[in-house]
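Written below as structure tokens is the structure these notes are about.
There are 2 protein chains.
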Amino acid sequence: MKNCLVAQSGGPTAVINSTLLGVVKTALESEKIDRVYGSIYGIEGFLKEKIFDFNKEDIKEIELLKYTPSSALGSCRYKLKDFNEDESDYRNIFLNFEKYNIRYFFYIGGNDSMDTVDKLSRYAKIKGYDIKIIGVPKTIDNDLFGTDHTPGFGSAAKYVATSIMELSRDAAVYDKGIINIVEIMGRNAGFLAASSALAGYDGVCKQLIYLPEIAFDMDKFLQDVSSAYEKHKKIIVAVSEGIRYSDGSFVFEDKNNKAHDKFGHSQMGGVGRILGKVVKDKICKRVKVIEFNVLQRCAMHFASKTDVEEAYRCGRDAVNYALMGESGKMVCINRINSSPYISENGLIDVSEVANKEKKFPISWITKDGNNITEEGIEYLKPLIAGEVNIPTENGLPRFSRLNLCL
Amino acid sequence: MKNCLVAQSGGPTAVINSTLLGVVKTALESEKIDRVYGSIYGIEGFLKEKIFDFNKEDIKEIELLKYTPSSALGSCRYKLKDFNEDESDYRNIFLNFEKYNIRYFFYIGGNDSMDTVDKLSRYAKIKGYDIKIIGVPKTIDNDLFGTDHTPGFGSAAKYVATSIMELSRDAAVYDKGIINIVEIMGRNAGFLAASSALAGYDGVCKQLIYLPEIAFDMDKFLQDVSSAYEKHKKIIVAVSEGIRYSDGSFVFEDKNNKAHDKFGHSQMGGVGRILGKVVKDKICKRVKVIEFNVLQRCAMHFASKTDVEEAYRCGRDAVNYALMGESGKMVCINRINSSPYISENGLIDVSEVANKEKKFPISWITKDGNNITEEGIEYLKPLIAGEVNIPTENGLPRFSRLNLCL
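Now the structure itself:
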């Protein structure tokens, strides 16, 4: 018996199950693999032997994974210790690998999950275990090294840009000035907030964009917004949740007391509300603060077709690479051409990816630090291309209902 | 010359421009109407002679209105005074009607806008002006009298239910309990929050729903949530922004000091954050507060096909009714059958609609006051049916760009 195991880890995305389907379908169809197991709640669930058997599942529900957002197998944020310091988790994991005859393990996740792939594959090599371990990338933040971009990002970017366009139409309806502050995910990397620039061409409201890659300066920000408001009256400010002052402190922490209320208490909540308050006090009473919240990472209903297909392909190729004998690697996406867009998959040593974070290139931010250059736009554009027709039932998405209980 | 005027009023919806297209296209094609004017920023803009000439616009951009959210002509919240007390606005409006040879006026809006239709048509009758004035319904709140439902509601309901489904998938990924509080629009009528029940069948998280139609009781709420949490661990609480205590005060005002912070200050913000704080203090630390915000009323990208088509039809029939000589009426939608769903348009005296508010029927709320009955679901279901394929360009919606500057 040669079985395989697949698991998901870290924050969910709209297309992480498209990748799961790529793995599961390819493995189910392969003659070299007998059973296809899923670990429920990531590697942490595998330690507790929470196993799902895909061979027993209705193939229709499996196929629906392609258009089902969030981690269908559940997820975890579990960091393995260095095996030289504490081997206990490794022993238990490999005991379970043996118990279930797991010869292939696919871990779908971001940079922390690649750390797990790295450690497990190094441990397997040292101990001489016959198992191929492949990482499959996902993250809405697009902050993974060694790949042009990451599955999950394109759909989140499309959601952000589309919602900004719609919001911009909504904001423009009255004959009055308005400043909308939109808080977008991205603690360290500004790719997602940057993708709001894609909405720019529709140009109903003037847009300003602030990313964590540029140190935030409250005075300059207020000057930017104020002069944009004077000129355009209808403004959208798109801001990464992770923007920071030059001292490295997050704006949402408000350590510099820029947004203290009249009682001297620090404002609660995210950066959007902090900036909203300051703008309301100093520039314009008509301020709306909008948080895209988890919707930006779980909205499958207007996903990027490019993203869904690439996510699927990454899962599929992970299995193919493993069957070719590869291990300790992550599937990556190489961009061959931007326009027309062509990409192909490749492999990269997972040690080059694990625990690193890619940033939005400074050279793609305009000189005044509040917008994205044409080159940046050209990078982003193909990733949101194409629409999917998700299966529906009674007017609502028909998501996969695997026979497991999260 | 017999010209017509169309305007939009009140809060925007995803499909208010589908209605606009229904009016404009039918009027442009009619031999009885010469020019088709739009008033920019509603009746208030008409007072300032802000006029848009549809005959001069590219027909392609006009056709794109069908899938363009928010009020393309801009909007206002302008209440006409009683003409027995102050006739000045009426004089100016009718001077402009004469100046532009307006013989037909179509006002797309909610109950306040129907008050304008009512007053203008009564004034015209008294003064003997030859003008037909027809109201065309829109509102995401679905609170208009005299119509089974209102264009704009179905698409908002579909957005709410779909987002709740996606959110519910997102919330379930970790092996931990979580309580999500989702704040949904609806100051006085709970239709939109009720539509979150449509997501119920997908059943990943246990859902509780609170509407303004039932007096809110904080102790009962905490008991509901607490016992749901004990049993199901993963909970979504959908709540109308307008829920009220039995004394009539809004929960978000927090007059009863239920959610005061430790310094004794009232919490800022909406009802979601108020409830989130109380739940965090008393039940579970893992609480997420999500506001759907204006996105729920401007999201065209996953609109209800039924809603888009009905919105269009209401605009079309408004013109047809006016050409038949009707005035002082509102187009309404009559439900002939629920399953299969059949509806047809009708007319109702606008005086029966103006300034009134319909509520979500109490009989459609379950006895424990925190969910929707099957009968309620059956009412809601057909309104979100069907998907539209909106025109796209570079992966983003291609909205209409009328040659006017909002």
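In order, the protein sequences belong to chains A and B.
Heads up: the first sequence begins at 1 in full-length UniProt numbering, then just goes up one per residue.
Heads up: the second sequence begins at 1 in full-length UniProt numbering, then just goes up one per residue.
Cβ atoms here follow ideal geometry from the backbone N, Cα and C, with glycine treated the same way.
- Contacts with chain A at 9 Å (Cβ-Cβ) do not include B/Glu-85.
- Close partners of B/His-301 in chain A (Cβ separation under 8 Å): Thr-162, Glu-166, His-301 and Phe-302.
- Distance from the CA of B/Leu-402 to the CA of A/Val-15, rounded to the nearest whole angstrom, comes to 35 Å.
- Here A/Phe-153 is not near A/Asn-96, since their CB atoms are 9 Å or more apart.
- Rounded to whole angstroms, the separation of the alpha carbons of B/Val-182 and B/Tyr-229 is 16 Å.
- Cβ atoms of A/Lys-381 and B/Asn-394 come within 8 Å of each other, at about 6 Å.
- Only residues of its own chain outside the window of five on either side were considered, and among them Glu-183, Val-239, Glu-241, Ile-243, Val-251 and Phe-252 have a CB closer than 7 Å to the CB of B/Val-271, listed in chain order.
- DSSP places A/Gly-109 within a strand segment (E or B) once states are collapsed to three.
- Here the alpha carbon of A/Cys-298 sits roughly 9 Å from the alpha carbon of B/Ser-163.
- A Cβ-Cβ distance of about 11 Å is found for the pair A/Tyr-107 and A/Ala-322, leaving them out of contact under the 8 Å criterion.
- The Cβ-Cβ distance between B/Tyr-123 and B/Cys-76 does not fall below 9 Å.
- At a C-beta separation below 8 Å, B/Asn-371 has no neighbours in chain A, since its nearest C-beta there lies roughly 17 Å away.
- Under DSSP, B/Tyr-229 takes part in no beta bridge, so it has no partner.
- In this structure, B/Tyr-210 is the residue among B/Tyr-210, B/Glu-357 and B/Gly-248 with its C-alpha nearest to the C-alpha of B/Ile-236.
- Cβ-Cβ distances below 8 Å link B/Leu-347 to Tyr-321, Glu-326, Lys-329, Met-330, Val-331 and Cys-332 in the same chain, with the five nearest sequence neighbours on each side left out; the list follows chain order.
- Chain order gives the chain A residues near B/Tyr-41 as Val-173, Tyr-174 and Asp-175, where near means a beta carbon separation below 9 Å.
- Note that the C-beta distance between A/Tyr-245 and A/Asp-217 is below 9 Å.
- For A/Pro-151, no CB of chain B lies under 9 Å from its own CB, so it is not counted at the interface with that chain.
- Judged by beta-carbon spacing, A/Asp-115 lies beyond the 9 Å limit of A/Leu-64, meaning their Cβ atoms are not closer than that value.
- Relative to B/Ile-51, the option among B/Thr-13, B/Cys-4 and B/Glu-61 whose CA is nearest is B/Cys-4.
- For the pair A/Ala-311 and A/Lys-138, the CB atoms are nearer than the 9 Å cut-off.
- Contact of A/Ile-384 with chain B is assigned, a C-beta pair being separated by under 9 Å.
- Distance from the Cα of B/Asn-84 is smallest, within the candidate group B/Ser-351, B/Cys-205 and B/Lys-127, for B/Lys-127.
- With fewer than 16 other CB atoms across the displayed protein chains lying within 10 angstroms of its CB, B/Thr-366 is exposed.
- For a Cβ distance threshold of 7 Å, nothing in chain B lies close to A/Pro-340: the least Cβ distance comes to about 13 Å.
- Secondary structure at A/Ser-343: strand, using DSSP grouped into helix, strand and coil.
- Between A/Ser-304 and A/Asn-17, the C-beta spacing is not below 9 Å.
- If you draw a 10 Å sphere on the C-beta of B/Met-165, you find 16 or more other C-beta atoms in it, and that means buried.
- A Cβ-Cβ separation of about 12 Å leaves B/Gly-10 out of contact with B/Gly-74 under the 8 Å criterion.
- Closer than 9 Å to the CB of A/Cys-298 there is at least one CB belonging to chain B.
- The straight-line gap separating the alpha-carbon atoms of A/Gly-190 and A/Asn-370 is approximately 12 Å.
- When 7 Å is used as the limit between beta carbons, A/Gly-135 is near no residue of chain B, the shortest such separation being about 19 Å.
- If you draw a 10 Å sphere on the C-beta of A/Ala-215, you find fewer than 16 other C-beta atoms in it, and that means exposed.
- Cα atoms of A/Trp-364 and A/Val-289: separation of roughly 26 Å, rounded to the nearest angstrom.
- Close to B/Val-117, with beta-carbon spacing below 8 Å, lies no residue of chain A; the smallest spacing is near 19 Å.
- Burial state of A/Ser-249 is exposed, judged by a 10 Å Cβ sphere holding fewer than 16 other Cβ atoms.
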